[in-house]
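In the working numbering, the protein residues as written are 485 to 787.
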């Protein structure tokens, strides 16, 4: 599974339980007292679907999709998707495209991307296709090799070599799944990196900006005063502020700007740990662009 995804079966943030406010059972008409609906954009780094390739079929019929049952942002029974108009937005990554060739996600041609877009559209999903370098710098080297540990109150001065090699294999393996010479070299190089270089902050910023561009394009297709963007987890911590800035640049009045919710699916570290991040101010300013920020516990919010 993907340890930095919004996958957490015990925390169904998008699924009110029976008896809770806002619960709607699918297929049940709730009458004229029903609350006004939002146009919601549920945003997670990895699109909450799984893609499969059938090489035996002709072009145009090779790809199939299903909901990722381990992702809490998927559409499921009791989901807010039954009460609102929902669009899911996320990247096509090795965690989404499941294939023996884990490099396949970086080999997609225009025809593949067009078919994948068509398949996930049936799930009300909008895919974001990233360049390999952006994914590696943003997600692997910045999130997985630095921010993940910090947010779990682990201060890793030197990333263990076995962990480095495992992460490198996620994006630098050859077709057989064995470590390539490239990955072995990258693992050795990563061990020598300084924190600032290893964080690959530029990739983090680039990735968040790509998400912001796609989301604002969707919002601007039909602006309403009932638009809501729900951003999941720390890989997209800059997104709320980026969306807020774009809305202002586009001249949207306050009433017509999308409401932004950010929910963190991990602990938030203590100040003693968080202060070790050189980009701590940028991350906090990014989150503060949201109208609502959600945490698992009061202690996390207090931190």
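Glycine included, every Cβ here is placed at the ideal spot set by N, Cα and C.
So what does residue 721 bridge to, in DSSP terms?
-> For the purposes of this step, residue 721 is taken as residue 237 along the chain shown, with counting starting at 1. None, per the DSSP bridge assignment.
Length of the line joining the Cα atoms of residue 585 and residue 736 = Position 101 of the chain shown, counting from 1, holds the residue named residue 585. Position 252 of the chain shown, counting from 1, holds the residue named residue 736. The alpha-carbon atoms of residue 585 and residue 736 are separated by roughly 44 Å.
Selection from 695, 552, 569 that minimises the alpha carbon distance to residue 722 | Numbered from 1 along the chain shown, position 238 holds the residue referred to as residue 722. Residue 695 is the option with its Cα nearest to residue 722.
Might you give, ordered along the chain, the residues of its own chain that have their beta carbon closer than 7 Å to the beta carbon of residue 604, omitting 5 neighbours on each side?
-> Translated into the one-based positions of the chain shown, residue 604 becomes position 120. Excluding sequence neighbours, residue 604 sits near 531, 533, 549, 611.
Within the stretch 557 to 600, ranges of the beta strand (DSSP E) (whole runs, at least 3 residues) | 569 to 576
Counting only the same chain and skipping the five closest in sequence on each side, list residues whose C-beta sits under 7 Å from that of residue 730.
-> Position 246 of the chain shown, counted from the start, is the residue given in the question as residue 730. For residue 730, where only same-chain residues beyond five positions count, the Cβ hits under 7 Å are 696, 700.
Ignore the nearest five residues each way along the sequence and tell me which others in residue 660's own chain have a CB closer than 7 Å to its CB.
-> Reading the chain shown from its first residue, position 176 is the one you call residue 660. Residue placement at residue 660 is poorly supported in this model, since its pLDDT is 44, which falls under 50; the coordinates are not used for a value here.
Where the beta strand (DSSP E) through residue 743 begins and ends | Taking the first residue of the chain shown as 1, we reach residue 743 at position 259. Unbroken beta strand (DSSP E) run through residue 743: 743 to 747.
Would you identify the three-state DSSP class for residue 555, choosing helix, strand or coil?
-> In the chain shown, residue 555 corresponds to position 71, counting from 1. In the structure shown, residue 555 sits in coil (DSSP, three-state: anything other than H, G, I, E or B).
Check residue 712 in the structure and name its three-state DSSP category.
-> Along the chain shown, one-based indexing puts residue 712 at 228. Three-state DSSP puts residue 712 in a strand.
Residues in its own chain within less than 8 Å of residue 617 by CB, not counting five upstream and five downstream?
-> Position 133 of the chain shown, counted from the first residue, corresponds to residue 617. Excluding residues within five positions, the ones whose Cβ falls inside 8 Å are 687.
Assuming residue 626 and residue 684 form a contact by the criterion Cβ under 8 Å, report the distance between their Cβ atoms to the nearest whole angstrom.
-> Position 142 of the chain shown holds residue 626. Position 200 of the chain shown holds residue 684. That belief holds up - the Cβ atoms of residue 626 and residue 684 are roughly 5 Å apart, short of 8 Å.
Go to residue 625, then tell me how far its beta strand (DSSP E) extends in each direction, as first and last residue.
-> The residue you call residue 625 lines up with position 141 of the chain shown. It is not in any beta strand (DSSP E) - residue 625 carries neither H nor E in the DSSP assignment.
When DSSP builds the beta bridges, which residues end up paired with residue 550?
-> Residue mapping note: residue 550 aligns to position 66 of the chain shown, counting from 1. Note: residue 550 sits in a beta bridge opposite 534.
Nearest-angstrom beta carbon gap, residue 580 and residue 454 [assumed within contact, 8 Å] | Absent from the structure is residue 454, since the part of the chain shown begins at 485 and ends at 787.
Find the nearest neighbour of residue 595 within the set 704, 715, 545, 742, judged by alpha-carbon distance.
-> Numbered from its first residue, the chain shown carries residue 595 at position 111. Considering only alpha carbons, the answer is 545.
Closest Cα partner of residue 725 within the set 535, 746, 614, 709 | Within the chain shown, residue 725 is the residue found at index 241, counting from 1. Of 535, 746, 614, 709, the residue nearest in Cα terms is 746.
Based on Cα-Cα distance, which residue from 766, 758, 769 lies nearest to residue 638?
-> Mapped onto the chain shown, residue 638 falls at position 154. The shortest C-alpha separation from residue 638 is found at 758.
Tell me whether the beta-carbon of residue 703 lies closer than 8 Å to the beta-carbon of residue 742.
-> Mapped onto the chain shown, residue 703 falls at position 219. Mapped onto the chain shown, residue 742 falls at position 258. Yes; because the gap between Cβ atoms is below 8 Å, this pair is in contact.
Could you give the distance in angstroms between the alpha-carbon of residue 516 and the alpha-carbon of residue 744?
-> Within the chain shown, the letter at position 32 stands for residue 516. Within the chain shown, the letter at position 260 stands for residue 744. Caution applies to residue 516, whose pLDDT of 45 falls short of 50 and renders its modelled position unreliable; the value that the coordinates give is listed next. Rounded to the nearest angstrom, the two C-alpha atoms are 27 Å apart.
Which residues in the same chain have their Cβ closer than 6 Å to the Cβ of residue 568, if we skip the five residues on either side of it in sequence?
-> One-based indexing of the chain shown puts residue 568 at position 84. These residues qualify, in order along the chain: 521, 522, 524.
Please report the residue range of the alpha helix (DSSP H) in which residue 758 lies.
-> Counting from 1 along the chain shown, the entry for residue 758 is found at position 274. Taken as a continuous stretch (DSSP letters only), the alpha helix (DSSP H) holding residue 758 covers 755 to 758.
Smallest Cα separation from residue 475: which of 766, 739, 733, 693?
-> An answer regarding residue 475 cannot be provided, because it is not within the stretch 485 to 787 covered by the chain.
Distance, residue 698 Cα to residue 709 Cα = Your numbering for residue 709 matches position 225 in the chain shown. Your numbering for residue 698 matches position 214 in the chain shown. Cα to Cα, residue 709 sits roughly 19 Å from residue 698.
Residues of its chain near residue 773, where Cβ-Cβ distance is below 6 Å and the 5 sequence neighbours each way are ignored = Counted from its first residue, the chain shown places residue 773 at position 289. Taken in chain order, the residues that qualify are 724, 725, 728.
Roughly how many angstroms separate the alpha carbons of residue 785 and residue 539, rounded to a whole number?
-> Translated into the one-based positions of the chain shown, residue 785 becomes position 301. Translated into the one-based positions of the chain shown, residue 539 becomes position 55. Computed Cα separation, rounded: 48 Å.
Taking C-beta to C-beta, are residue 782 and residue 748 nearer than 8 Å?
-> Counting from one through the chain shown, the residue named residue 782 turns up at place 298. Counting from one through the chain shown, the residue named residue 748 turns up at place 264. Not closer than 8 Å, so no.
Endpoints, alpha helix (DSSP H) assigned at residue 689 | Start at 1 with the first residue of the chain shown, and residue 689 comes out as number 205. Start and end: 685 to 704.
Residue 623 vs residue 574 beta-carbon contact at 8 Å | Within the chain shown, residue 623 is the residue found at index 139, counting from 1. Within the chain shown, residue 574 is the residue found at index 90, counting from 1. No. Outside cutoff.
Taking the alpha-carbon positions, what's the residue 602 to residue 755 distance?
-> Working through the chain shown from its first residue, we reach residue 602 at position 118. Working through the chain shown from its first residue, we reach residue 755 at position 271. Between residue 602 and residue 755, the C-alpha separation is close to 45 Å.
Less than 8 Å separating the beta-carbons of residue 715 and residue 564?
-> Residue numbering aside, residue 715 sits at position 231 when the chain shown is read from its first letter. Residue numbering aside, residue 564 sits at position 80 when the chain shown is read from its first letter. Not a contact, by the Cβ cut-off of 8 Å.
Just mark residue 681 as buried or exposed, buried being the case when its beta carbon has 16 or more other beta carbons within 10 Å.
-> As a working mapping, residue 681 is identified with position 197 in the chain shown. Summary for residue 681: the model assigns pLDDT 49, below 50, so the residue's position carries little reliability; its value from the coordinates is reported in the next sentence. Per the 10 Å Cβ criterion, exposed.
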